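Undergrad:
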Amino acid sequence: MQVELELNGDTERFEAAKTDSLLDVLRKNGYTGAKRGCDTGACGFCTVIVDGKARNSCVVPASKADGSTVETIEGLGSQSDLHPVQEAFVDNTALQCGFCIPGMIMRSTALLGEDPDPTRDEIREGLSENLCRCTGYEKILDAVEDAADRMADESGAVAADGGHPGSGCDGPCGCEPGGGGT
Ligand code: FES
Ligand code: FES
Numbered sequence: 057m058q059v060e061l062e063l064n065g066d067t068e069r070f071e072a073a074k075t076d077s078l079l080d081v082l083r084k085n086g087y088t089g090a091k092r093g094c095d096t097g098a099c100g101f102c103t104v105i106v107d108g109k110a111r112n113s114c115v116v117p118a119s120k121a122d123g124s125t126v127e128t129i130e131g132l133g134s135q136s137d138l139h140p141v142q143e144a145f146v147d148n149t150a151l152q153c154g155f156c157i158p159g160m161i162m163r164s165t166a167l168l169g170e171d172p173d174p175t176r177d178e179i180r181e182g183l184s185e186n187l188c189r190c191t192g193y194e195k196i197l198d199a200v201e202d203a204a205d206r207m208a209d210e211s212g213a214v215a216a217d218g219g220h221p222g223s224g225c226d227g228p229c230g231c232e233p234g235g236g237g238t
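Heads up: take any position in the sequence shown, counting from 1, add 56, and you land on our numbering.
(1) Which residues neighbour ligand 1 when neighbourhood means a C-beta less than 7 Å away from any of its non-hydrogen atoms? List them by chain order.
(2) With DSSP collapsed to three states, give me the class of A110.
(3) Can you give the Cα-Cα distance for K195 and D202, rounded to whole angstroms?
(4) Rounded to whole angstroms, what's the CA-CA distance from T75 to K120? Just pull it up for me.
(5) Can you give the Cα-Cα distance for E143 and E60, rounded to whole angstroms?
(6) Can you find the residues in the same chain that come closer than 6 Å, C-beta to C-beta, to T96, ignoring five residues on each side of it along the sequence?
(7) From which residue to which residue does the alpha helix (DSSP H) around E194 run?
(8) Identify the continuous beta strand (DSSP E) that holds L61 and give its terminal residues.
(9) DSSP puts T103 in a beta bridge; with which residues?
(10) Going by beta carbon distance, what residues of the same chain come within less than 7 Å of R180, once the five residues before and after it are set aside?
(11) Is there at least one non-hydrogen atom of ligand 2 closer than 6 Å to the beta-carbon of T20?
(12) Measuring straight from C-alpha to C-alpha, what distance separates E62 and V81?
(13) Are the CB atoms of F101 and C156 within a distance shorter than 7 Å?
(14) I want to check one thing, is the minimum distance from the CB of F145 to the heavy atoms of ligand 2 below 6 Å?
(15) To the nearest angstrom, how far is the alpha carbon of A302 from that of D173?
(16) From Q135 to I129, what distance separates their C-alpha atoms?
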């Protein structure tokens with residue numbers, strides 16, 4: 057069967073077996089940022105964002121993902137232009153072996169998309185499906201708090217520049233960052 061995804065901003069079609077999960081489809085096609093841990097929905101290593109929500113891609117059937125908008129770590133930032141959540145994880149040394157980190161970052165990004173200013177307890181609860189065997193979690197919580205501050209600063213800078221407030225602008229105006237807005 058074929059699965060069509062709006063993947064990291066591009067429309068992509070992939071061949072998939074009926075038994076494939078979304079994680080299978082992603083990894084078979086080179087999107088290996090999502091990691092395979094438990095393969096049963098219990099560790100969060102495979103977290104991606106599906107239609108705006110963090111999902112464990114190992115338990116999303118490929119057939120159910122057909123037509124969905126999917127964001128993976130590959131679409132978040134690049135080595136030369138990291139996303140604020142990625143920067144915050146690096147700057148807070150919130151990683152050791154790194155295996156859980158793509159999933160942590162994707163779930164953190166979804167969390168901050170829903171609530172740009174969560175409390176530490178809300179972050180802890182929001183990340184509770186994602187396991188880490190290395191860090192003890194405290195630095196990860198520090199990183200997400202820091203990312204929230206960075207994203208708020210970026211939104212404020214865009215607003216002060218006369219544009220719309222960053223990710224809050226999803227209107228039909230077509231304004232571009234720094235472009236002055238309408
Ligand atoms: S590999 Fe998907 S939740 Fe563990
Ligand atoms: S950094 Fe090693 S599992 Fe999280």
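Here a beta-carbon is modelled for each residue, glycine too, at the ideal position from N, C-alpha and C.
Computed from a predicted model, the values in this text were never measured in an experiment.
TA: According to the data block:
(1) Here the residues come out as L79, K91, R92, G93, C94, D95, T96, G97, A98, C99, G100, F101, C102, N112, S113, C114, V115.
(2) Looking up residue 110 in the sequence shown gives position 54. DSSP places A110 in strand when its eight states are reduced to three.
(3) Indexing the sequence shown from 1 puts residue 195 at position 139. Indexing the sequence shown from 1 puts residue 202 at position 146. Spanning the two alpha carbons is a distance of roughly 10 Å.
(4) Counted from its first residue, the sequence shown places residue 75 at position 19. Counted from its first residue, the sequence shown places residue 120 at position 64. Answer to the nearest angstrom: the Cα atoms are 11 Å apart.
(5) Here residue 143 is taken as the residue at index 87 of the sequence shown, counted from 1. Here residue 60 is taken as the residue at index 4 of the sequence shown, counted from 1. The C-alpha of E60 is placed about 31 Å away from the C-alpha of E143.
(6) For the purposes of this step, residue 96 is taken as the residue at position 40 of the sequence shown. Counting only residues of its own chain and dropping the five nearest sequence neighbours on each side, T96 has no CB closer than 6 Å to any other CB.
(7) Counting from 1 along the sequence shown, the entry for residue 194 is found at position 138. First-last of the alpha helix (DSSP H) with E194: 194 to 216.
(8) Taking the first residue of the sequence shown as position 1, residue 61 is located at position 5. For L61, the enclosing beta strand (DSSP E) stretches over residues 58 to 63.
(9) By one-based count along the sequence shown, residue 103 stands at place 47. DSSP, once it has assigned bridges, lists N112 as partnering T103.
(10) If you number the sequence shown from 1, residue 180 lands on position 124. So the list reads L197, once near-sequence residues are dropped.
(11) No answer is possible for residue 20: it lies beyond the span of the chain, which begins at 57 and ends at 238.
(12) On the sequence shown, position 6 is the one that residue 62 refers to. On the sequence shown, position 25 is the one that residue 81 refers to. Going by C-alpha positions, E62 is about 13 Å away from V81.
(13) By 1-based counting over the sequence shown, the position of residue 156 is 100. By 1-based counting over the sequence shown, the position of residue 101 is 45. Yes, Cβ-Cβ distance for C156 and F101 is below 7 Å.
(14) Numbered from its first residue, the sequence shown carries residue 145 at position 89. False, no ligand heavy atom lies under 6 Å from that Cβ.
(15) Here the chain covers residues 57 to 238 and nothing more, so residue 302 does not appear.
(16) One-based indexing of the sequence shown puts residue 135 at position 79. One-based indexing of the sequence shown puts residue 129 at position 73. Distance between the alpha carbons of Q135 and I129: 12 Å.
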